[in-house]
Amino acid sequence: MLECVLEDLNVGQDIDINELIDQHMPFIIKSISDVTGRYVSCENDEEISVALLAFTEAVERYDKEKGYFLPFAKLVISSRIKNYLKSENKHLCSSLDDLLDKGIDIQHEYLEQEEDNSLLVEDINKLKFEISSFGFTLEDLVNEAPKQKATRTNAIELAEAINEVEEFTSFMNLKKRLPIKKVVLRFSVTEKVVKRSKKFIISVVIILNKNLRMLKRWIRK
C-alpha cells in the first residue's frame, strides 16, 4: 500500500515518484473521471498532466498524522482538476464569444445548461486536439473563419461533401492536410475558394467525421 511506503520513509529519503505513479495510475484516472464524469485517455487528455502534478504535490505535502494518503491524494487531485476545468471553461467561453463576434453562432443557450456545457467543452477540447495535428489552433480558426454567412454556408456544404468521400477523410487522417487539388477536381470549385476557408473546412470535416455532437448542432444552426 502507498500509505505504508510513505509511512516507512524518513525525512530526507528519496521517493521514486515515477514508480508510485505507475503503481497508482488506475487510482489517478478514476479520481479524474469522478470529477469529469467521462472516460480519460492517457494519450491526449490534459487532465492527466494536471492530475500527475497533483499526485506529486500530494506526496510532497502528505502528513501521516492527518490520516490515510489516498483520500488526501484524491482530494488534491479533485481540487486541481476542478480549478483546471474552471480555467479551461473561461478560455473556451472567451473563444466562443470570439466566434460569435465573427458571426459564427454556437448557441448560447447550450452554455446555460451545465450538462450541455460540459459536453460542449469536451467536444471543443477534442476539436482543439485534432486541429493541432493539422498545424493550427482554435485561435487560428477564430481569426481565419469566413466572415460572410454565404461563404460559411458554402464552406460547410463543401466540408459535408468531403466527409462523405472516404478517400478524402482517409487522406486527411493520414497526411493531416486537406487534399485541395482533388477536392477542386471532384467538386468543381476553385482552389482559391478552398484555400480561403481551408482551416474552417478542415474543422467542419473533423466535427462531422469524429461525430462531435454538440458542435454538429452548431453546424446545423
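For the sequence shown, my numbering begins at 2 and goes up steadily by one. We put the CB at the ideal spot given by N, CA and C, even for glycine.
- [ ] Indicate the three-state DSSP secondary structure (helix, strand or coil) for Asn212 in the structure shown.
- [x] As a first step, residue 212 must be located in the sequence shown, where it is residue number 211. Correct three-state label for Asn212: coil.
Task: Same chain, Cβ closer than 7 Å to Lys211, neighbours up to 5 away in sequence not counted - done: Within the sequence shown, residue 211 is the residue found at index 210, counting from 1. Result list for Lys211: Lys127 and Glu131, in chain order.
Task: Presumed contact (8 Å Cβ cut-off) between Val206 and Thr170, rounded CB distance - done: For the purposes of this step, residue 206 is identified with residue 205 of the sequence shown, where counting begins at 1. For the purposes of this step, residue 170 is identified with residue 169 of the sequence shown, where counting begins at 1. The pair is a contact, with the Cβ atoms about 7 Å apart (cut-off 8 Å).
Task: C-beta atoms of Thr37 and Ile82 nearer than 9 Å - done: Taking the first residue of the sequence shown as 1, we reach residue 37 at position 36. Taking the first residue of the sequence shown as 1, we reach residue 82 at position 81. Yes, they are a contact pair.
Open item on the list: Contact criterion: CB-CB distance below 9 Å. Does Lys183 meet it with respect to chain B?
Closed with: No chain B appears in this structure, which consists of one protein chain only.
Open item on the list: If contacts are defined as beta-carbon pairs under 8 Å, then Leu209 and Phe188 qualify, I think. What distance do you get, rounded to the angstrom?
Closed with: Locating residue 209 in the sequence shown gives position 208, where the first residue counts as 1. Locating residue 188 in the sequence shown gives position 187, where the first residue counts as 1. Contact doesn't hold; Cβ gap of about 16 Å is too wide.
Open item on the list: Comparing C-alpha positions only, which one of Asp17, Glu140, Arg197 and Ala52 sits nearest to Asn84?
Closed with: Taking the first residue of the sequence shown as 1, we reach residue 84 at position 83. Ranked by Cα distance from Asn84, the options Asp17, Glu140, Arg197 and Ala52 are led by Ala52.
Task: Nearest-angstrom beta carbon gap, Tyr63 and Phe56 [assumed within contact, 8 Å] - done: Start at 1 with the first residue of the sequence shown, and residue 56 comes out as number 55. Start at 1 with the first residue of the sequence shown, and residue 63 comes out as number 62. Contact flag wrong, Cβ pair sits at about 11 Å.
Open item on the list: Rounding to the nearest angstrom, what Cα-Cα distance links Ile78 and Gly68 in this structure?
Closed with: What you label residue 78 is simply residue 77 of the sequence shown in a count that begins at 1. What you label residue 68 is simply residue 67 of the sequence shown in a count that begins at 1. Rounded to the nearest angstrom, the two C-alpha atoms are 17 Å apart.
Open item on the list: Considering only the alpha carbon of each residue, which of Leu54, Ile30, Asn19 and Ser204 lies closest to Glu161?
Closed with: Mapped onto the sequence shown, residue 161 falls at position 160. Answer by Cα proximity: Ser204.
TODO: Could you tell me how far apart the beta carbons of Leu142 and Lys200 are, in whole angstroms, since I believe they sit closer than 8 Å?
DONE: Counted from its first residue, the sequence shown places residue 142 at position 141. Counted from its first residue, the sequence shown places residue 200 at position 199. About 5 Å; that satisfies the 8 Å criterion.
- [ ] Give the single residue among Leu175, Lys193 and Ile220 whose Cα lies nearest to the Cα of Lys150.
- [x] The residue labelled residue 150 in the question sits at position 149 within the sequence shown. Of all alpha-carbon atoms in Leu175, Lys193 and Ile220, the one lying nearest the alpha-carbon of Lys150 is that of Ile220.
Open item on the list: Is any non-hydrogen atom of the ligand NAP found closer than 8 Å to the C-beta of Asp35, if you look at the structure I gave you?
Closed with: Annotation note on the ligand NAP: not contained in the displayed structure, which lists no ligands.
Task: Length of the line joining the Cα atoms of Leu179 and Leu121 - done: Here residue 179 is taken as the residue at index 178 of the sequence shown, counted from 1. Here residue 121 is taken as the residue at index 120 of the sequence shown, counted from 1. Each residue's alpha carbon lies about 25 Å from the other.
Task: Chain-order list of residues whose beta-carbon lies under 6 Å from that of Glu145 (same chain, five-residue window excluded) - done: Residue mapping note: residue 145 aligns to position 144 of the sequence shown, counting from 1. Within its own chain, the residues whose Cβ lies closer than 6 Å to the Cβ of Glu145, once the five positions on either side in sequence are excluded, are Lys200, listed in chain order.
Open item on the list: Give me, in chain order, the residues of the same chain whose beta-carbon lies closer than 8 Å to that of Ile181; leave out the 5 immediate sequence neighbours on both sides.
Closed with: Numbered from its first residue, the sequence shown carries residue 181 at position 180. Glu192, Val195, Lys196 and Lys199, listed in sequence order.
Task: Buried or exposed (CB count within 10 angstroms, at least 16 for buried), Ile33 - done: On the sequence shown, position 32 is the one that residue 33 refers to. Result: buried.
TODO: Just tell me which of Ile22, Asp124 and Ser134 has its CA closest to the CA of Arg214.
DONE: As a first step, residue 214 is located in the sequence shown; it is residue number 213 there, counting from the start. Sorting Ile22, Asp124 and Ser134 by C-alpha distance to the C-alpha of Arg214 places Asp124 at the top.
Open item on the list: Considering just the uninterrupted stretch of the alpha helix (DSSP H) at Lys193, what are its terminal residues?
Closed with: Reading the sequence shown from its first residue, position 192 is the one you call residue 193. Segment Glu192 to Arg197, the alpha helix (DSSP H) holding Lys193.
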